[in-house]
């Protein structure tokens, strides 16, 4: 619903811009022709280019709001960025064209036979007022909807306002007898337009190269992550923009002995909090760590190997078998295992303690376990740092009624 509302606001602002640009182009061209102002005619051509950028803005908004599909699983947000690049290029080309055309008038002021009239000056002043209004209105919509192309179009309006101001100054100076002022103003108009086009294109190009969020916004995200219950630390946070959408990748560190489902729940809490509390976060990819593993380590002892070692250790011991998968804890410097056993009803507590000691001895010799914990209904036995501690840690058992 929010996306639909922002889409409608984008369409509305673009339609208003297009109608205004059409009226201004016609009005300024007529006033420039009747009022003998090359600067105003150049400004009229700029307004015509605005119609093209209005169309590009409309198309980019429409495409960017499409839902993700099989070919575009991350959505179509970059359509706005591409549209912004095109707008910037169009603006820059118009600026270059105006300067190229006017340089001959500037180099030869006598080529302008008639001085501008009050008609041209009035039209330039009216254009300043209209374009400044369009800038403020369109920028407000673009910022509210986080639309790059609408914001780019707003700054295009601001460049028009400044261009019209330069034209008005040139027309006024020419009316006062300084004939070179009018073509000079047209050259300034072209330079302003070129600069604005370059700025728009550069900023959009940075986003196409997947520029991340600013430091302030990144710190705000980190504060949200660290405030989530269950997150001990975080690292390797990365962001990238795709139009109005922002994607986040981050590693979070949780307690090493919690369950997979609890760790997953913590990660989902981080994802929810980021999307709820931060602006324009579309998706978050979270990697869960049991410790700070930025140096990285991969053990060759996989589950199949560890369970085979456990089963081989149990094979000579009658009446014992694994009741659950072995729980393996990998860390940067050690491996630990938790083995749950099921014994026959005839196994006595003393026998179980002896059997547990045999199993622990075999396991720590087979694999460099830092710790092995054996659990059985009669008790718990643990080895630590390759040194066996065979004192059973009794647990209370409550029989079901």
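Residue numbers (this note's numbering): 318 to 718. No residue lacks a Cβ here, since even glycine has one placed at the ideal position from N, Cα and C.
With a beta-carbon spacing of about 4 Å, residue 367 and residue 338 fall inside the 8 Å limit used to define contacts. In terms of Cβ geometry, residue 511 and residue 409 form a close pair [threshold 7 Å]. Under the three-state reduction of DSSP output, residue 384 falls in the coil class, being neither helix nor strand.
Going by DSSP, residue 445 is part of the alpha helix (DSSP H) stretching over 435–462.
Counting along the chain, the unbroken alpha helix (DSSP H) around residue 481 starts and ends at 465–492. Rounded to whole angstroms, the Cβ separation of residue 397 and residue 561 is 7 Å, and the two are in contact under 8 Å. A Cβ-Cβ contact shorter than 7 Å links residue 565 with residue 556.
If you draw a straight line from the Cα of residue 673 to the Cα of residue 657, it is about 11 Å long. Excluding its 5 nearest sequence neighbours in each direction, residue 383 has C-beta neighbours in its own chain below 6 Å: 393, listed in chain order.
An exposed status is given to residue 343, since fewer than 16 other beta-carbon atoms sit within 10 Å of its beta-carbon. Counting only residues of its own chain and dropping the five nearest sequence neighbours on each side, residue 433 has a CB closer than 7 Å to the CB of 352, 353, 354, 488, 491, 492, 499. Burial state of residue 391 is exposed, judged by a 10 Å Cβ sphere holding fewer than 16 other Cβ atoms. The C-alpha of residue 388 is placed about 43 Å away from the C-alpha of residue 417. Taking 7 Å as the cut-off, the beta carbon of residue 364 is found no closer than this to the beta carbon of residue 400.
The beta carbon of residue 559 lies closer than 6 Å to those of 394, 395 in the same chain, with the five residues before and after it left out. In the DSSP assignment, residue 641 falls outside any alpha helix (DSSP H), carrying neither H nor E. Taking the C-beta atoms as reference points, residue 455 is found no nearer than 7 Å to residue 648. According to DSSP, residue 563 shares a beta bridge with 558, 598. Beta-bridge analysis with DSSP links residue 657 to 692. The three-state reading of DSSP puts residue 651 in coil, since its state is none of H, G, I, E or B. A direct Cα-to-Cα measurement between residue 534 and residue 690 gives close to 45 Å. Around the beta-carbon of residue 582, fewer than 16 other beta-carbon atoms lie within 10 Å, marking it exposed.
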